[in-house]
Amino acid sequence: MKVVFCKSQLLGPISGADEILVNNAVLLREAGHSVAVLFMYSPAPDDPYYQRLLEAGVPVSWLASATTRTSLFAGRKLFQKLLRVAPSAQTFLRARAQHVVTGLAERQYENCRAYLDGSGADLIHVITPDPGAMVMIRAGHDAGIPVIYQEVGTPYHPPDFESYYREFTSVLPFCSEVVALSPALAKMCRERLPKTNAVSVLPVVVEEQPNGRGQDAGASAGVSFGFAARVEKLKGPMVLMEAFGSACRKFPHVRLKLAGDGSQRREMRARAAALGVADRYDYVGVYSRPEERAAFMRGVDVFVMPSFTEGTPNSIIEAMAHGLPVIASNVGGIPDVLDAESGVLVPPGDADSLAEALLRLAEDAELRARMGRAARARYQNLFSPKVVLPMFLGTYRRVAAKGGAEDSAAANGSSYKHPWASTFIREDVDKRLRVGA
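What follows is the structure, given as structure tokens:
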């Protein structure tokens, strides 16, 4: 079976959707399966995700010319500048930008159809709800190739994407199946994306780490909290800084390490100075390679993700793979990812509750060690390649055969049945959410 992963473009090292696509393609390739990647716009030659695909031997193609890509990126920079200069015109500017991007994507339909006709693909797997994905889905459907659309977040969120979703739903009937990242997100997809034929779950898959982080139960002298994400309002970095400032006043031996970039990075630095905690705050830049991610995770004791909206963040699962306890907001698919043994859930935007959680783990080394072990075990049971790749293959075979729900463990000769494997909602058969024990 040959699977072609499709996405409009690579958006950089802090794009969760990019990381999901690359992890899926690379890990399936390394397991000996036939995969390829098709972008609408060419990646930058030095893009780290593009380089990972090439290093893994994954064939990568794109449709538009380099000139089109250059024009698109120049337009994006202009759009971002205009948003900063005239924030009150945001709705108008976004509508105009969407119109332009849609027009550019539609020009690539014939190229996309020609590529897919000659690709030998048994199935295409499309990621992100944008105009390029719409063209790829239509072209795949017209070429007679089954299409899976993967929703990597929460439908119609963040608010800036509402207009894209309203347009995107028009192509959902062309998809054989929509896959979400967790049971709760699958339920949201069925409720908010009513034109879907069927919804199932394919979790985030993160490569196995050779050794889980060994939490030292006696190491209470100093505790490092880590945050790795886009430094934007919806990820909650300013809420984290407020909570960290409160925690520092009660427990002096803590540090905060931040990886990522975004519009609030300078604001965070200024707020750290205002709170008197600048000497306990370390900005380490943007990591883009697996070894850089591993180094960051090994350098912290607790991972924190105080988002206002989420799907199932890659960084949380990466932290769990390293044996780190996690503090995160109770939003989106995060409650499916974490349980009470592996982490602490807090209300989004609640700095006081977040500060309490930071203090709780800072003051209790034994609790950190116990939660870290539970997080590592939960990762192995839900997100490691050995348990997730069979779900991918079972889903691909079912969709390519246009069949009904199938036990992916039995289909792949495995005795392990993923706890989320039986989450399968089909509009014309079963509108109830069935979750495996």
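When we follow this note's numbering, the leftmost residue of the sequence shown carries the number 46, and every step to the right adds one. Even glycine gets a Cβ: it sits at the ideal position worked out from N, Cα and C.
Check	Outcome
Spatially closest choice to Val-268 from Glu-408, Val-67 and Gly-77, by CA coordinates	Glu-408
Counterpart residues of Ile-361 in DSSP-defined beta bridges	Partner(s): none; Ile-361 has no beta bridge.
Per-residue burial, Asn-426 [other beta carbons within 10 Å of its own, 16 or more giving buried]	exposed
Cut-off 7 Å between Cβ atoms - residues of its own chain near Thr-147, not counting five sequence neighbours on either side	Pro-176
Contacting residues, own chain, Cβ-Cβ under 8 Å from Asn-375 (five flanking each side not counted)	Leu-390, Val-391, Pro-392 and Pro-393
Secondary structure, alpha helix (DSSP H): runs of 4+ residues fully inside the region 141-166	154-162
Nearest-angstrom Cα separation, counted from Arg-235 out to Ala-264	Note on Ala-264: pLDDT 43, under 50, position unreliable in the model; the coordinate value appears next. Going from the Cα of Ala-264 to the Cα of Arg-235 covers about 46 Å.
Nearest neighbour of Met-350, chosen from Ala-339, Phe-289 and His-298 [CA to CA]	Phe-289
Under the three-state DSSP convention, the category Gln-195 falls into	strand
With 16 other Cβ atoms within 10 Å as the buried cut-off, status of Leu-230	buried
Presumed contact (8 Å Cβ cut-off) between Arg-413 and Asp-346, rounded CB distance	6 Å
Beta bridge counterpart(s) of Asp-327 as assigned by DSSP	Lys-302
Pairwise C-alpha distance: His-144 and Ala-39	Because the chain here runs from 46 to 482, residue 39 falls outside it and cannot be looked at.
Given Ala-318 as reference, the closest of Glu-287, Asp-306, Ile-190 and Ser-333 once Cα atoms are compared	Glu-287
Supposed close pair Val-48, Val-80 - CB separation, criterion 8 Å	5 Å
Pair within 8 Å by beta-carbon distance, Leu-226 and Met-436	no
Paired residues, beta bridge with Phe-50 - DSSP	Val-82 and His-170
Short Cβ contact (8 Å threshold) for Arg-338 with Glu-363	yes
Residues sharing a beta bridge with Phe-469, DSSP	Ser-245
Ranges of the beta strand (DSSP E) found wholly within the region 90-122, counting only runs of at least 3	105-107
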